[in-house]
C-alpha cells in the first residue's frame, strides 16, 4: 500500500517514525481530549514508576502527550512520546501515570528502509543527522514493502520525497548499501549514472482549434515565443484520456523545493553533451531544470543552457559550479514551457528602425519590445493551428483580439495571410 505521511521523528538508531496523513483527524481529536482531561502540572507526590508504564507527558510546549516510560533513572525518567516517536529524559513532575487511552494504538509507525544495510551495520551519527535535517516534519510518500512478523517491530518501506527515493539518496551519500546486489542499479539516482538515454518530455497539447489559457514566459522574437499552458477543461479531459490520472502526488514545484534543499550534495556536471538535462542555478540562487545547448567559450568554460520550464537562455560558467546532475525523478514531469510560432503577421517591409534583433535581424528591437508590452502580465488565450513541423498558434490578448494587431497598428508588422 502507498500513502502520504508526515515524518514525526528520526530515532537515534535511524528509525523513521511516520504518522499517516489519514490518521491526522483522529490524532487531533485525541489530543484535544487529552488537553481537556489533564490540566495543570504533573504528579507532584512520590510515585514508583515502572519501565513500560503508560503516562501522559507535559511537553516543553505545555501540551500533554501520551507517553511510555522506557527507563527509570532516579528522579529523571526516559519517556517515549508514543504518537510522535521521539525520546526525552524528563523530571517526574512533568509526568502523570494513567490508564486512559491505553486501548488506542500509537498513531506513529516505526519504519526502516527496505533491503538497505547501513555502513558498519548501524546508522552512524552523520547519517542520522542527515535524515533528521532532511525529513523531520516533512510530508513524504510511503510504499509498504514488507510487514514485520511482530506487529510492534519496524515496517519495511521505500520512502520518496519530491519523487526521489530516500534509499537512492542515502546510498549515493554512502551512508548505506543495497542488501541485494540485483537492487544496486535500481538505486541509480542521477542522469548519467547509467548509460540510458534521458530527456525531457513535452506536455500534452490541446486539440487544434480549441481555445485554452496561456502565459508567455519568454520571447525570442515577436513571432517565436515560449508559452506555459494554463488549466483547461479540454486539456484535462485529453490528458486523462491519453495518460490516465497521474498517481504522482508531488508537483514539480514540490520536487524542486526538495532538490534545492539537498542540491549541494548533487555531483557537479562534468559531461557537456548537447541537450543533456541538468540542474542549473539562476541569479536568484534557486536551482531549476535546464538543458545544455552549446559551449560558447573554452577558457574559462562557459555553456549556453536553457531553463526548460521557462524557455529562457543563460550563460553558465563551470567555474562558478552552477551546473549539477539532475535526479531521474525530475524527468517524469513534462517541460512547462513550449516553443511556438505565432501566425498571421510578418515583419513590416517598411520598418525603418535601424536597431535590429542581432539573431533575428528581420525584426526591429522596437517590435520586440512592443510585443513584450502586449503579452507581459496579460491574461492570454491561444488556439493551435498546426502541431508539425512547428507548433503554430493564434495568440489572443485579454481583450480577445489578436495580440499582433497592435504591432500592425504601430507599423512594426504587417498581415501575413
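In full-length UniProt numbering, the protein residues as written are 1 to 417.
The C-beta atom is built at its ideal place from N, Cα and C for all residues, glycine as well.
Same chain, Cβ closer than 8 Å to residue i, five either side skipped, listed in chain order
{"i": "residue 43", "result": "92, 93, 95, 96 and 97"}
{"i": "residue 21", "result": "3, 4, 5, 6 and 139"}
{"i": "residue 282", "result": "288, 307 and 314"}
{"i": "residue 255", "result": "162, 163, 164, 329, 330 and 333"}
{"i": "residue 273", "result": "292"}
For residue i, three-class secondary structure by DSSP
{"i": "residue 242", "result": "Any reading at residue 242 needs caution, since the residue's pLDDT is 42, under 50, leaving its predicted position unreliable; the model's value is listed next. In this structure, residue 242 counts as helix in the three-state DSSP scheme."}
{"i": "residue 28", "result": "helix"}
{"i": "residue 250", "result": "Note that residue 250 scores a pLDDT of 47, beneath 50, so its modelled location is shaky; the value from the coordinates is reported in the next line. Three-state result, residue 250: coil."}
{"i": "residue 48", "result": "coil"}
{"i": "residue 139", "result": "strand"}
{"i": "residue 413", "result": "strand"}
{"i": "residue 326", "result": "coil"}
{"i": "residue 33", "result": "helix"}
{"i": "residue 346", "result": "strand"}
{"i": "residue 287", "result": "strand"}
{"i": "residue 147", "result": "coil"}
{"i": "residue 38", "result": "coil"}
{"i": "residue 100", "result": "coil"}
{"i": "residue 122", "result": "coil"}
{"i": "residue 307", "result": "strand"}
{"i": "residue 407", "result": "helix"}
{"i": "residue 169", "result": "helix"}
{"i": "residue 133", "result": "helix"}
{"i": "residue 266", "result": "coil"}
{"i": "residue 2", "result": "strand"}
Beta-ladder partner(s) of residue i, from DSSP
{"i": "residue 18", "result": "7 and 109"}
{"i": "residue 364", "result": "356"}
{"i": "residue 336", "result": "Its beta-bridge partners do not exist; DSSP assigns none."}
{"i": "residue 445", "result": "Within the shown structure, residues of the chain are numbered from 1 to 417, placing residue 445 beyond reach of any answer."}
{"i": "residue 222", "result": "For residue 222, which the question treats as bridged, DSSP gives no partner whatsoever."}
{"i": "residue 73", "result": "76"}
{"i": "residue 116", "result": "178"}
{"i": "residue 375", "result": "Answer is none; residue 375 lacks a bridge partner."}
{"i": "residue 228", "result": "215 and 337"}
{"i": "residue 88", "result": "79"}
{"i": "residue 156", "result": "112 and 146"}
{"i": "residue 188", "result": "Paired residue(s): none; residue 188 is not in a bridge."}
Presumed contact (8 Å Cβ cut-off) between residue i and residue j, rounded CB distance
{"i": "residue 370", "j": "residue 407", "result": "5 Å"}
{"i": "residue 189", "j": "residue 310", "result": "Rounded, the Cβ-Cβ distance is 25 Å, inconsistent with contact."}
{"i": "residue 334", "j": "residue 318", "result": "With a Cβ gap of about 28 Å, residue 334 and residue 318 do not count as contacting."}
{"i": "residue 27", "j": "residue 101", "result": "The pair is not a contact, with the Cβ atoms about 11 Å apart (cut-off 8 Å)."}
{"i": "residue 266", "j": "residue 325", "result": "5 Å"}
{"i": "residue 214", "j": "residue 380", "result": "5 Å"}
Close beta carbons around residue i, own chain, < 6 Å, minus the five adjacent residues each side
{"i": "residue 216", "result": "225, 227 and 375"}
{"i": "residue 160", "result": "141"}
{"i": "residue 170", "result": "176"}
Residues near residue i in its chain [Cβ-Cβ closer than 7 Å; skip 5 each side]
{"i": "residue 276", "result": "291 and 292"}
{"i": "residue 413", "result": "222, 345, 346, 347, 348, 367, 404 and 407"}
Short CB-CB distance (under 8 Å) between residue i and chain C
{"i": "residue 304", "result": "In the displayed structure, chain C is absent; only one protein chain is listed."}
At least three beta-carbon pairs within less than 8 Å, the stretch 108-126 to the stretch 147-159: yes
Three or more C-beta pairs below 8 Å linking the stretch 333-349 and the stretch 201-208: yes
Meets three-Cβ-pair contact criterion under 8 Å: the stretch 10-25 and the stretch 37-56: The stretch 10-25 makes no contact with the stretch 37-56, as fewer than three CB pairs between them are under 8 Å.
The stretch 169-177 / the stretch 126-133 touching (three or more Cβ pairs under 8 Å): yes
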